[in-house]
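S.K.: Sequential numbering from -5 applies to the sequence shown in the working numbering. Yeah, the Cβ is synthetic: ideal placement off N, Cα and C, and Gly gets one too. What follows is a single structure, and I will ask about it in a moment.
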Amino acid sequence: MKPGPLKSLFLEAYAVEKGNLENQEVYKLEVLKKGQRTTRSMAVFDLKWNPITGLLDKAKCRIVAQGFTTQVPGVDFGETYASTPKLSTMRAFLWDVVRLLMITEEFDVKAAYLHAKLEELIYMRPPTGMETYDEHGNLMVMRLLKSLYGLRQSGHNWMNDFFDFLRDFGWTQSKADTSLWHYLVEEKVTMSLFVHTDDGKFGYVKSAKDHRDKFVDALNKRFNIGSTQLNIDRIFNIKVDRRSDGSIKLSQQKYILDLIIPAFITFDSRQE
């Protein structure tokens, strides 16, 4: 990495990311054996800005595998299918919320893919410029133990892991769409869940508060999601507003403005 004003921020972000991977036991370092095939990797950096002050807040880093260019089908991975929710499924979920007058919440699983174990034996080279060597000068590579971002099977592994958790808790998967789940008590829907990768939106009737508490507690123990957020703010960049009568208003106003305003700013600056 070339010297510059952001170098220290990027190096700090990389150290944090590497520490997170180590704490979650995503890999273990081993000496690269002669003839051992490896998968390449890269460090992806991003800058986060404070939305209020407009000042630089921090740098973020994510170490990802370059699986799409180096993994061999049938050797490094098998199934790759991962559930993708539809707009129609979102509407079905919101219909549950409205007709049953459900209380809504949402949660986000941090670093979701890293919770899923990896079955295949995959060795990955560290990102360029961040190599590690043992005391004899031998290159150390990462033997992946969990589904790192960038592997072709990571989405599939995470989906299976999370769906198994939901089934074990007692949720029933919709036959119409794998992203919609219901929790039944005496054959009546008491909780409804909409899953979008690492993001969950769920609703529950007032009488199911105990089931809600047990579910959130189980989520925290298994995935450490932290606290849930009361009320659903948006789905697919669609603003969700709950009205006083229990109905729901959907709007894409903010999404449209986010697209239009930067264009106007660019246009105005060119006129000066």
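Can you name the residues that DSSP bridges to Pro67?
M.R.: Phe71
S.K.: Straight-line CA distance for Thr32 to Glu114?
M.R.: 13 Å
S.K.: Just checking Ser221 against the ligand GTP - is the residue's beta carbon closer than 7 Å to any of the ligand's heavy atoms?
M.R.: Because no ligand of any kind appears in the structure shown, any question about the ligand GTP cannot be addressed here.
S.K.: Give the DSSP-derived three-state secondary structure of Trp165 in the structure shown.
M.R.: coil
S.K.: Are the Cβ atoms of Met136 and Asp128 separated by less than 8 Å?
M.R.: no
S.K.: Mind checking who Trp89 pairs with in its DSSP beta bridge?
M.R.: Bridge partners of Trp89: none, in fact.
S.K.: From which residue to which residue does the alpha helix (DSSP H) around Lys12 run?
M.R.: 1 to 17
S.K.: With a threshold of 7 Å on Cβ separation, who are the neighbours of Leu15 within its own chain once the five nearest residues in sequence on each side are excluded?
M.R.: Here the set comprises Tyr21, Ile57.
S.K.: Could you please give me the residues that DSSP links to Lys22 through a beta bridge?
M.R.: Arg137
S.K.: Buried or exposed: Gln30, going by 16 or more other Cβ atoms within 10 Å of its Cβ?
M.R.: exposed
S.K.: Compute the beta-carbon to beta-carbon distance between Trp165 and Trp152, rounded to the nearest angstrom, for a pair I have assumed lies under 8 Å.
M.R.: Between Trp152 and Trp165 the Cβ distance is about 17 Å, and since that is not below 8 Å, they are no contact.
S.K.: Which residue wins for smallest C-alpha separation from His130, given the options Val92, Ser241, Leu26, Lys243?
M.R.: Leu26
S.K.: Specify the secondary structure class of Ala59 as computed by DSSP and reduced to three states.
M.R.: strand
S.K.: Could you tell me the alpha carbon to alpha carbon distance between Thr156 and Asp171, rounded to whole angstroms?
M.R.: A small correction: the amino acid at residue 156 is Phe; Thr does not occupy that position in the sequence shown. About 15 Å.
S.K.: Considering only C-alpha positions, which residue in the set Gly61, Ser82, Pro79, Leu81 is nearest to Gly72?
M.R.: Gly61
S.K.: How far does the alpha helix (DSSP H) with Val199 in it extend, from its first residue to its last?
M.R.: Careful: Val199 lies outside any alpha helix (DSSP H) and carries neither H nor E.
S.K.: Using CA atoms only, rank isn't needed, just tell me which of Arg216, Lys233, Asp158, Ala37 is closest to Val103.
M.R.: Arg216
S.K.: Pull up the CB-CB distance for Phe188 and Glu99, whole angstroms please, since I reckon it's below 8 Å.
M.R.: With 8 Å as the limit, Phe188 and Glu99 do not qualify as a contact, their Cβ atoms being about 11 Å apart.
S.K.: Measure the alpha-carbon distance for Val177 versus Lys248 and round it to whole angstroms.
M.R.: The sequence given here has Tyr at residue 177, not Val. When rounded, the distance between both Cα atoms is 33 Å.
S.K.: Closest to Ser201 by CA distance: which of Asp211, Leu81, Ile97, Thr126 is it?
M.R.: Closest option to Ser201, Cα to Cα, is Ile97.
S.K.: Going by the CB atoms, is the gap between Ser35 and Ala9 shorter than 8 Å?
M.R.: For the pair Ala9 and Ser35, the CB atoms are not nearer than the 8 Å cut-off.
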